[in-house]
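Novice:
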Amino acid sequence: MAGALASVALAQTPPPPGTSAPVAPGVAPAAALPPDAGASAPAARSTNRRAPPVWTLVVQAPEPLDTLLRTYLDLARDEAASRSELRRLVAAAPAQARSLLEAEGYFGAQIRMKVGEEKAGEPTQVTMEVEPGPKTRIAQVQLVFEGELDNRLSQDDPETVALVAQLHALWSLPKGQVFTQTQWSAAKNATLALLRAQGYPTATWSGTSATVDAEKHTARLFVVADSGPAFAYGELSVEGLKHQPASAVRNMMSFKLGDPYREKQLLDFQERLQKLNLFESVFVNIQDDVAQAKAAPVSVQVRELPLQQATVGVGVSSDTGPRVSLEHLHRLLWGLPWQAKSKVQLGRDESVVQTDLTSHPRPGGKRWLGSVQWSRQLDDDRAVTHSTRLRVGQTDEGDRLERTTYVEYQQADVESEVSELLSEASALTVMQQWIWRDVDSVVLPTRGFTANAYAGLGRSFSTLDDNGWFLRTYGRLTWYRPLQGNWYASVRGEVAQVWSPDGVSVPDTLLYRAGGDESVRGYGYRTLGVKQDGVTLGGRSLFTGSVELARPMWDRFPTLWGAVFADVGDAAASWSELSPRWGYGVGVRWRSPVGPLRLDAAYGQEVEAFRLHFSVGITL
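Heads up: the sequence shown is residues 55 to 674, going by the working numbering.
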């Protein structure tokens, strides 16, 4: 398209004959102002006292325009200047006010200035009377496109037609809408941003025009966007690698050579690379050289994390008591594309020795995994659970869905305080796990949901009970939603079931218990389950639920929240034996950068006692 506009026009109906355009009727001429009595006086010595005001400004205008003018007019910001300065500010005030009002959509405002008589020892009163008139509304909107986008549109390309429809729908100043400078700028910026994100990174405005008729209170908008060429992905280059192989980067790509450029794909690519825990920083960019638009090079700049990292930790939780831990991470084990994370944790109630192996990404982003774990768990009833776990499998991490498939061997036994063996079994299972995340923040969510589900088939072996097949299922859904009055709600539901013939033994670590920080508050960790000889064992059926309302406690500390909640749940040998156990309470939340720190006081209805709970982070 030829003849693109290159400037912004703001047309306004001329004022009536005999009226000064810059100053509305009623403005006192500068010569009529009182002379500056102190002009020839010698300079006064500086003091700590604030000089008395020479004048005061009164703005007579509808709310909130009066506040706007009193805040931004020069005449309102320095009332202790000289009288000669007052004459200049009064003369400039109508033009300043008109500019401020036009930014709010009032293009036909009438402004009158009055300057009161000078009285000895009193400030002169300056009055601004404003009649804003009706707001200016959009009468016509024209969006015109040039460049490759226009060429494809003339060929009825389906993706282009859909993009143009999206651009029109996104335009925030349609016909009939009030015209303001802020919205005018926002509409143009949003349109250009969408064009650049959807394959035209060099898109720009050929011309934009907003023609305002102040007499009719209407505006006509005309914008011309030059899309430039459509970009496609070219070769990928990686900079900054010292130890890690380039395949760790390339295998995380979700696009290939020649695919049309999309900004979101690059952002998702960058986020996936950051999650690998291989790089301290990652920056992904496409070169916007129009000469290379058909195969634009993609560059990835990385800074590697250290190959090895050791961490010593000391912690405490209401579920498992105090603990100390030592962790070691190797990001290129024996020079192979594998990460190894080893952990030794010693605690009053829980001790763990564990090593996790995770491969670098393979083509398509999939990763191999392996794990070895030994643990010892001491429960409130003094029963001790020993378990051993071996796991191998594969994980596929998408933008929202993480899917893991693995084969696992578990062996577990439970002994009472008098060393009586209450449960002993081992099992080989094949499991499939899914984790969905659709939240505004993974660390501190306030809107959206997370879900965790798995299902698996296993074969158990035991010297105390029958061997046999079993099916294990689990599901957990957490929903977040902001409410009115600065309140935030979170709702959680959890169900699980182990299906097996009567008499078939299943390792206790594959069964379910309830109670604790992330289950039913008001009850001890893992204390809700199947009772046997005064000891709690895992059950084959589980359900829990929770409703929590929270809000910031003080405006000055927006990260400190108060909360009220109600939890319910139980674990038992079968669904018919489940009995709802209720817990209620109040708590405090500190929304730290690493996740929420929670401190709760909960009353367990079944045990008729209060219990203190504290934890960090969220559970999927």
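Heads up, the beta-carbon is just placed ideally off N, CA and C, and yes, glycines get one too.
On a predicted model such as this, the values are computed, not experimentally measured, just so you know.
(1) So, helix, strand or coil for Asp410, using DSSP?
(2) Is the CB-CB distance between Leu227 and Ala247 below 7 Å?
(3) Where does the unbroken alpha helix (DSSP H) through Val29 begin, and where does it stop?
(4) When the Cα of Leu446 is compared with those of Ser470, Thr409, Thr439 and Val113, which residue comes out closest?
(5) Tell me the DSSP bridge mates of Gln448?
(6) Mind checking who Lys397 pairs with in its DSSP beta bridge?
(7) Can you look up Glu317 in the DSSP assignment and give me helix, strand or coil?
(8) Kindly indicate which residue of Trp488, Val622 and Val472 has the alpha-carbon position closest to the one of Arg457.
(9) Determine the DSSP secondary structure at Tyr638, reduced to helix, strand or coil.
(10) With three or more beta-carbon pairs closer than 8 Å as the criterion, would you say the segment 166-185 touches the segment 111-119?
(11) Would the segment 429-438 count as touching the segment 448-455 if we require 3 or more Cβ pairs under 8 Å?
(12) Please identify the residue among Gly522, Phe503 and Arg501 whose C-alpha is closest to the C-alpha of Leu511.
(13) Between the Cα of Ala394 and those of Tyr460, Ser371, Leu330 and Leu432, spot the shortest distance and give me the residue it belongs to.
(14) Using only CA atoms, which one of Asp342, Glu358, Ala244 and Pro499 lies nearest to Ala604?
(15) Could you give the distance in angstroms between the alpha-carbon of His297 and the alpha-carbon of Leu290?
(16) Please work out which residues of its chain come closer than 6 Å, Cβ to Cβ, to Arg546, disregarding the five sequence neighbours upstream and downstream, and give them in chain order.
(17) Mind checking who Phe503 pairs with in its DSSP beta bridge?
(18) Classify Gly578 as helix, strand or coil using the three-state DSSP reduction.
(19) Who are the Cβ neighbours of Thr101 in its own chain at under 6 Å, not counting the five residues just before and after it?
(20) Nearest by alpha-carbon distance to Met306: which of Gly312, Asp313, Ser335 and Gln319 is it?
(21) Who are the Cβ neighbours of Asp280 in its own chain at under 6 Å, not counting the five residues just before and after it?
(22) Leaving aside the five residues before and after Ala163 along the sequence, list all residues of the same chain whose C-beta is less than 7 Å from its C-beta, in chain order.
(23) Quick check on DSSP: helix, strand or coil for Thr245?
(24) Can you name, in chain order, every residue of its own chain whose Cβ lies under 6 Å from the Cβ of Gln196, other than the five neighbours on each side?
(25) The beta strand (DSSP E) that contains Val144, what's its start and end?
(26) Shortest alpha-carbon distance to Glu293 belongs to which of Val266, Ala284 and Val354?
(27) Kindly indicate which three-state DSSP category Lys296 falls into: helix, strand or coil?
(28) Pull up the distance between the alpha-carbon of Ala115 and that of Gly616, whole angstroms please.
(29) Between Thr214 and Leu207, which are expected to be in contact by the criterion C-beta below 8 Å, what is the C-beta distance as a whole number of angstroms?
(30) Just grab the DSSP bridge partners of Lys229 for me.
(31) List the whole-angstrom C-beta distance separating Glu548 from Leu596, where the pair is believed to meet the contact cut-off of C-beta under 8 Å.
(32) According to DSSP, what are the bridge partners of Leu122?
(33) With 16 other CB atoms within 10 Å as the buried threshold, where does Gly593 fall?
(34) Would you mind working out which of Val352, Gly367 and Asp624 sits nearest Gly576, comparing C-alpha positions?
(35) Suppose the cutoff is 6 Å on Cβ atoms and the five residues either side in sequence are ignored; what does the same chain contact list for Glu334 look like?
(36) What is the DSSP secondary structure of Asn339, counted as helix, strand or coil?
Specialist: Let me lay it out:
(1) strand
(2) no
(3) Residue 29 is absent from the model: the chain starts at 55 and stops at 674.
(4) Note on identity: in this sequence residue 446 is Val, with Leu being the wrong assignment. Out of Ser470, Thr409, Thr439 and Val113, Thr409 has the C-alpha closest to the C-alpha of Val446.
(5) Trp422 and Thr459
(6) Glu381 and Gln408
(7) helix
(8) Trp488
(9) strand
(10) yes
(11) no
(12) Gly522
(13) Leu330
(14) Pro499
(15) 19 Å
(16) Thr532 and Ser600
(17) Asp492 and Trp533
(18) coil
(19) Interpretation of Thr101 is limited by its pLDDT of 44, a score under 50 that renders its predicted location unreliable; the figure taken from the coordinates is listed afterwards. Excluding sequence neighbours, Thr101 sits near nothing in its chain.
(20) Gln319
(21) Glu200, Gly201, Thr258 and Ser260
(22) Arg152, Leu155, Val184, Glu185, Pro186 and Gly187
(23) helix
(24) Phe276
(25) That residue, Val144, is in no beta strand (DSSP E); its alpha helix (DSSP H) goes Arg137 to Ala157.
(26) Val354
(27) coil
(28) 42 Å
(29) 5 Å
(30) DSSP output for Lys229 lists no bridge partner at all.
(31) 7 Å
(32) BP columns for Leu122 are empty, so no partner.
(33) buried
(34) Asp624
(35) Arg357 and Leu359
(36) strand
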